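Visitor: Numbering (the working numbering), first residue to last: 10 to 179. Every residue gets a Cβ at the ideal spot worked out from N, C-alpha and C, and that includes glycine. Keep in mind that this is a model prediction, so the values were computed, not measured.
1. Taking C-beta to C-beta, are residue 134 and residue 108 nearer than 8 Å?
2. Which of the three DSSP states is assigned to residue 163 in this structure?
3. From residue 82 to residue 73, what distance separates their C-alpha atoms?
4. For residue 80 and residue 114, what's the separation of their Cα atoms in angstroms?
5. Among the residues of its own chain, which have a CB less than 8 Å from the CB of residue 173, if the five just before and after it don't count?
6. If you draw a straight line from the C-alpha of residue 75 to the C-alpha of residue 168, how long is it?
7. Measuring only the C-alpha atoms, how far is residue 106 from residue 86?
8. For residue 119 versus residue 44, is the C-beta spacing smaller than 8 Å?
In structure tokens:
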């Protein structure tokens, strides 16, 4: 093999082995792009330690992922009682309003190859959540449906999965 043939061989081999890293980067980018948009919660099955399953009562929720690496989530119990006066709830009414509502915003890291997304909480309705890092395992089921499984659900829950559908333009 002469020097020119050897150089050509090395360039071809180098190009072949260089391609996966570019493909991997594109894969990371394409997964990140799949997340971008507004999603509506359609189901949140929770499996308990005793084997039973239930739906989370905060069953009305939206999550928004941006192309800037951020997200926001808001959820509520759609069955919480209305206040007698919208402008001045009683202390008990105010408590039910807060107890039946949850929200947070976070910066996002997507780990496409590993199949998880990290939420680094920056703003939250519960002050103790600020600064926490939450891991969610994801599975896309087509372009308009994604499941996010909570990494470590709170006992007695052993599995908590949020199933989202993309909100379409009207």
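Guide: The answer reads as follows:
1. If you number the chain shown from 1, residue 134 lands on position 125. If you number the chain shown from 1, residue 108 lands on position 99. Cβ atoms of residue 134 and residue 108: not closer than 8 Å.
2. To locate residue 163, count along the chain shown from 1; it is residue 154. Three-state DSSP puts residue 163 in coil, outside helix and strand.
3. By 1-based counting over the chain shown, the position of residue 82 is 73. By 1-based counting over the chain shown, the position of residue 73 is 64. So the two alpha carbons sit approximately 7 Å from each other.
4. Residue 80 sits at position 71 when you count from the first residue of the chain shown. Residue 114 sits at position 105 when you count from the first residue of the chain shown. Using only the alpha carbons, I get a separation of about 6 Å.
5. In the chain shown, the residue the question calls residue 173 occupies position 164. Hits under 8 Å: 48, 49, 50, 51, 72, 154, 155, 156, 157.
6. By one-based count along the chain shown, residue 75 stands at place 66. By one-based count along the chain shown, residue 168 stands at place 159. So the alpha carbons of these two residues sit roughly 27 Å apart.
7. Against the chain shown, residue 106 aligns to sequence position 97. Against the chain shown, residue 86 aligns to sequence position 77. Those two C-alpha atoms are separated by around 9 Å.
8. Position 110 of the chain shown, counting from 1, holds the residue named residue 119. Position 35 of the chain shown, counting from 1, holds the residue named residue 44. In contact: residue 119 and residue 44 (Cβ atoms closer than 8 Å).
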